[in-house]
Amino acid sequence: MRRLSSTDIGKFLDAGPACGVLVTAGSPCQDNSTLKGKDRKGLRGPKSKLLYDIAACTERVRAAASERHIPCHVLVENVPGITPEHALEVAQSMRATNVKTVNAGDYGYVNRTRVWWLTWELQVRDGETKSPALHGTRLTLAPNRGPSPYDPQWQ
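In structure tokens:
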């Protein structure tokens, strides 16, 4: 990922028609996990700091896509144990405009709470999610949990 250049990405985009690019990523979560207790290092840890490499690679993808007038969006995920300060740092580095705490099981087979950083507004329609509390509503936090401490606009 560190060696992937904008030129390499451009060659890939030029190889076939592209109507858009979606960058999806997540760094190992151990450094952000609450299971580490007071010893967790957050984004300063050797594993979670890979989010900075993801941000740098994402910028190269954006540059190559922009040169070709191709829209580019980002979805990055990690554990909810990340501190609000570090979550804001991730949002800024990814240029994420939308930060959500979601149950990944609403979209797949892993039933775990995750923080998602997105560059678009995530919405669900009735029947798209397994969570009855979310049917027909905009996807935000689980009911009665209040605003997300990971949302930069909540700070």
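Going by the numbering used here, the sequence shown opens with residue 1352, and the numbers climb by one from there. The C-beta atom is built at its ideal place from N, Cα and C for all residues, glycine as well.
Per DSSP, reduced to three states, the secondary structure at Glu1472 is coil, with no helix or strand assignment. By the Cβ neighbour-count rule, Asp1382 is buried, with 16 or more other Cβ atoms within 10 Å of its own.
The three-state reading of DSSP puts Val1441 in helix, counting H, G and I together. DSSP places Thr1452 within a strand segment (E or B) once states are collapsed to three. The three-state reading of DSSP puts Cys1423 in strand, counting E and B together.
The three-state secondary structure of Arg1411, taken from DSSP, is helix. Per DSSP, Thr1358 is one residue of the alpha helix (DSSP H) stretching across 1357-1365.
For Arg1465, the secondary structure class from DSSP, reduced to helix, strand or coil, is strand. In this chain, the beta strand (DSSP E) harbouring Ala1376 covers 1372-1376. Note: Glu1428 is bridge-paired with Trp1467 in the DSSP secondary-structure output. The alpha carbon of Cys1380 has as its nearest neighbour, out of His1437, Glu1472, Ile1433, Asp1404, the alpha carbon of Ile1433. Taking a contact as a CB-CB distance under 8 Å, the pair Met1445 and Trp1468 counts as one, their CB atoms being some 5 Å apart. Contact between Gly1377 and Asn1429 holds: their C-beta atoms lie close to 6 Å from each other, under 8 Å. When only Cα atoms are considered, Ser1417 and Leu1373 end up about 13 Å apart. Here DSSP, grouped into helix, strand and coil, assigns Gly1388 to helix.
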